[in-house]
Amino acid sequence: MGFLPGKDALRLMTHRRKDSGDPAGHSDGATEFDGFREECGVFAIHGHPEAANLAYLGLYALQHRGQESAGICSSDGDRLYCTKEKGLVAEIFTKRVLKDLPGKMAIGHTRYSTAGQSNKLNAQPFIVGCNKGQLALAHNGNLTNAIEVRNELEMSGSIFNATSDTEVILHLMARSREPNLKHALRESLLRLEGAFSLALIAKDRLIVARDQRGFRPMAFGKLKHNGHDAYVFASETCAFDLIGATYIDDVHPGEMVLVSEDGLVREPFAPALPAAHCVFEHVYFSRPDSLVFGRPVEDSRQMLGRLLARESHVPADVVVPVPDSGVSAAIGYAAGAELPFRMGLIRNHYVGRTFIEPKQSIRDFGVKLKLNPVRHLIEGQRVVLVDDSLVRGTTSRKIVRMMRKAGAKEVHLRISCPPTMSPCYYGVDTPDKDELIAANHNIESIRCYTEADSLAYLSIEGLRQAVQDRNGGYCYSCYTGRYPTDVVGIEQLVADHRRKG
129 MGFLPGKDAL RLMTHRRKDS GDPAGHSDGA TEFDGFREEC GVFAIHGHPE
179 AANLAYLGLY ALQHRGQESA GICSSDGDRL YCTKEKGLVA EIFTKRVLKD
229 LPGKMAIGHT RYSTAGQSNK LNAQPFIVGC NKGQLALAHN GNLTNAIEVR
279 NELEMSGSIF NATSDTEVIL HLMARSREPN LKHALRESLL RLEGAFSLAL
329 IAKDRLIVAR DQRGFRPMAF GKLKHNGHDA YVFASETCAF DLIGATYIDD
379 VHPGEMVLVS EDGLVREPFA PALPAAHCVF EHVYFSRPDS LVFGRPVEDS
429 RQMLGRLLAR ESHVPADVVV PVPDSGVSAA IGYAAGAELP FRMGLIRNHY
479 VGRTFIEPKQ SIRDFGVKLK LNPVRHLIEG QRVVLVDDSL VRGTTSRKIV
529 RMMRKAGAKE VHLRISCPPT MSPCYYGVDT PDKDELIAAN HNIESIRCYT
579 EADSLAYLSI EGLRQAVQDR NGGYCYSCYT GRYPTDVVGI EQLVADHRRK
629 G
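Note that the sequence shown covers residues 129 to 629 in this note's numbering.
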């Protein structure tokens, strides 16, 4: 899912800050990205005559994890068939397209949106023909040593078509001297560092694997069809709910699951390392109706809000979420603070990826297009405004202004996670550290910038409690700057890239 430097812009945290003259160093432009970009969604199914149709539905459920491109690859037992395009799942996979994806086995991928890199070549699944036969691969995560491995492969003659680190895995497999597909994949995975939850399809089998620390989620389940079991895998269990599949378990860190006509086999490809599940899956990324890392996301988010209310109580009249991702935490906050919960902001769900801004400048146009306050719920009220994160702060400032213009007496901004201090190198497209407002300013400075009456974040201890992390099994690197793997090479690469302009 991650990207490598090349003819396109560097994937790894190289969004450039715009000159704006404000004390936080942020632009107030309407279309500037202010937040975390989604990750990727992976879906796989084996043993169902409508595999491609079910993969389409699975991707539909995972669309929130990426809106730039999507793809499905199926197998009829003799060969692979693949369709992938830029766009949304429903736009790409018409009835005619799905009809051309036959077979009882399929993998699918929906890709996150990012600055640059937005060409069709980077859409997944990747499909190749090599000495192991036809192979297709879909991947969620980011390989922290992909640049090093790619350079090594290129020096020995490999030719890459895209800038995605996912392609590195296929090249490693193609060059493996292991004739057995499973052994070739295991050998390749042992070369990788970082985060990956992936699905590999050959003409007669499906293999799903997850990195040794389990950064990214991967669940598997079962679907009955005419008395037979079809096996399904997905980044989130909400995809199972849509197609009527039953959740069985997570693919374990360091585990490989092989599915063929002979059945399903689970085996480790390497020993599990200390777990580092991405805590932001529970804070923001995953759908609240999903079970992720064995825990209901909705439970975590409401607990985030309850603990936030306990840690940062303020006299107020009403709790208002920033929709949609702030809703669950706001419900929890309202319950914990014993305040009324109100949908005082309404989100326009039909805003496309691009829009035409009027020639006459409208202040905060981009946010107004997406959100609109309900004046009669806000006017004269002391409002607790709950959001899931605060990255650059530009959007938060616009929303606070919007609430005041709608008549709010006070606006108290509450963030249901700790301050975001560092970029992520494991599959989340975060801004560079220079653009993370909490990495460069204290809370009072951020409060002044957002123009809120008060500002408070959830503590790290509160976050751990909310996700029930009793054994240190989550990754908090975006909040602490302490990474579970070596990222020195990546940081140096980003610095070198900037120096070269």
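Where is the CB? At the ideal position from N, CA and C, for every residue including glycine.
For T238, the enclosing beta strand (DSSP E) stretches over residues M233 to R239. Counting only runs of 4 or more residues that sit fully inside the stretch 174 to 204, the alpha helix (DSSP H) segments are 179 to 189, in chain order. About 5 Å separates the beta carbons of H540 and S582, which is inside the 8 Å limit, making them a contact pair.
In the three-state DSSP reduction, D369 falls in the helix class (H, G or I). For A264, the enclosing beta strand (DSSP E) stretches over residues G261 to L271.
Looking at the DSSP output, N500 sits in a beta bridge with I474. Per DSSP, reduced to three states, the secondary structure at V420 is strand.
Between P546 and the set T578, A580, M530 and A594, the nearest pair of CA atoms involves A594. Ranking V420, K212, E466 and V450 by CA distance to the CA of R434 puts E466 first. For Y604, no alpha helix (DSSP H) segment is defined, and its DSSP state is neither H nor E. Counting only residues of its own chain and dropping the five nearest sequence neighbours on each side, R207 has a CB closer than 8 Å to the CB of Q262 and K331. In this structure, the alpha-carbon of L432 lies about 29 Å from that of H267. Closest in C-alpha terms to N250, from the list N273, H569, L190 and K212, comes K212. A183 and G236 do touch by the CB rule: their CB atoms are close to 4 Å apart, below 8 Å.
Proximity to L505 across I474, G494 and G555 peaks at I474, based on C-alpha coordinates.
Annotation for N308: no residue places its beta carbon closer than 8 Å to its own, counting only its chain and skipping 5 residues before and after. Contiguous alpha helix (DSSP H) elements confined to the stretch 285 to 340 occur at 294 to 303 and 309 to 317, taking only those with 4 or more residues. Contact check for Y553 and T272: beta-carbon distance about 6 Å, within the 8 Å limit, so the pair qualifies. Comparing C-alpha distances from D452 to each of P443, H405, L513 and S440 shows the shortest one belongs to L513. Only residues of its own chain outside the window of five on either side were considered, and among them S456, I459 and G460 have a CB closer than 6 Å to the CB of Q430, listed in chain order. Straight through space, the alpha carbons of L229 and V407 are spaced by roughly 36 Å. Residue environment: N354 is assigned as exposed (fewer than 16 neighbouring CB atoms within 10 Å of its CB, all protein chains considered).
Leaving aside the five residues that flank A463 on each side, the residues in its chain whose CB is nearer than 7 Å to its CB run, in chain order, R434. Secondary structure of M530 (DSSP, three-state): helix. M549 carries a coil assignment under DSSP once its states are collapsed to helix, strand and coil. Spatial neighbours of V442 in its own chain (CB-CB distance under 7 Å, excluding positions within 5 residues in sequence) are listed in chain order as V512, H540 and S582. A distance below 7 Å separates the beta carbons of I565 and G521. Separation of H569 and T558 (C-alpha to C-alpha, rounded to the nearest whole angstrom) is 18 Å. The criterion of a C-beta distance shorter than 7 Å is satisfied by G555 and R344.
Apart from sequence neighbours up to five positions away, the residues of its chain that approach K214 with a beta-carbon distance below 6 Å are S197 and K248, ordered along the chain. Residue pairing by DSSP places I588 opposite no residue, since no beta bridge is assigned to it.
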